[in-house]
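Working notes, beginning with the structure itself.
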Amino acid sequence: MAARKKSDGADQPVLWERLERPTATPRAALTPQKIAAVAVRVADAEGFAAVTMRRLATELGVAPMAAYRHVAGKDDLWALMVNQVMTELAVPDEVTGWREVLRGYALGNRAMMLRHPWLAQLPAPHFVLTPNRMAAAERQLAALDMHGMDTDTIMAAFRAVNAYVHGATQSEVALRQYMADNGWDSGDERRRALAPQMTYLMETGRYPTYRRYTVGAAHKDDAAWQFETGLDCVLDGIAVRIGHEDAS
């Protein structure tokens, strides 16, 4: 039986079921794909808050209620937007090792979120279910399979990587916005602006390890290096678990 959801007290087919049904007007002027493309364009240019059904209707040149024939509400719209940008995410078929597959998707996800910063603003992003997102998850879960781990551990490992990717990139997006809001063009400008606070805190002597970082770190402004090094730490942990399972 097809999955359904409650809406206004009545059972309705979920978004993806509706889209997979044959339509008598395949060349209709307004389609969910067109709605998604315009929504992504607006969000990329002006931020997530700018995407409203009224704004989309204006951009598409249709009556405000026309889009509701395809999109039941904001949840459907978010899902369409995520599914649209997920087409940008791909790891070549010849990549088969679990570490290479997960690392490839992690790097691709970071790049995708930096191109579309509104992804970091989505409410409960891990629960936006779409065919393209599920396909990416399936590829990663399949890569982790066959290493002796039970299904719960496989899912936990997959989620650990994805939680790291989303959290780290969300912080990177937020930092970029913070710098833009303050007119800072570089890490040096940011540090100069925050120097009074940092100087006071460091001079208390309470944070010797952090002080050593502020004085000697070589990758303070290398976001890609920071991301990939943290990612490798997560993957190293999974490798240890897989090694124990393979040895048992």
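Residue 27 in the working numbering sits at position 12 of the sequence shown; the count goes up by one each step and never skips. Positions of the beta carbon are idealized from the N, C-alpha and C atoms, including for glycine. Because the structure is a prediction, the values reported are computed rather than measured.
Restricted to the region 43 to 82, not a single beta strand (DSSP E) segment is unbroken, complete and at least 3 residues in length.
Going by DSSP, residue 93 is part of the alpha helix (DSSP H) stretching over 89 to 100.
The three-state secondary structure of residue 144, taken from DSSP, is coil. In the three-state DSSP reduction, residue 227 falls in the helix class (H, G or I). Counting along the chain, the unbroken alpha helix (DSSP H) around residue 172 starts and ends at 166 to 197. Using a Cβ distance threshold of 8 Å, residue 54 and residue 96 count as a contacting pair.
The C-beta of residue 92 has 16 or more other C-beta atoms within 10 Å across all chains shown, which makes the residue buried. Around the beta carbon of residue 98, 16 or more other beta carbons lie within 10 angstroms, which makes this residue buried. Residue 133 and residue 63 do touch by the CB rule: their CB atoms are close to 4 Å apart, below 8 Å. With 16 or more other Cβ atoms from the protein chains shown falling within 10 Å of its own Cβ, residue 124 counts as buried.
From the listed residues 209, 111, 221, 222, the smallest Cα separation to residue 193 is found for 209. C-alpha of residue 151 to C-alpha of residue 105: approximately 8 Å in a straight line.
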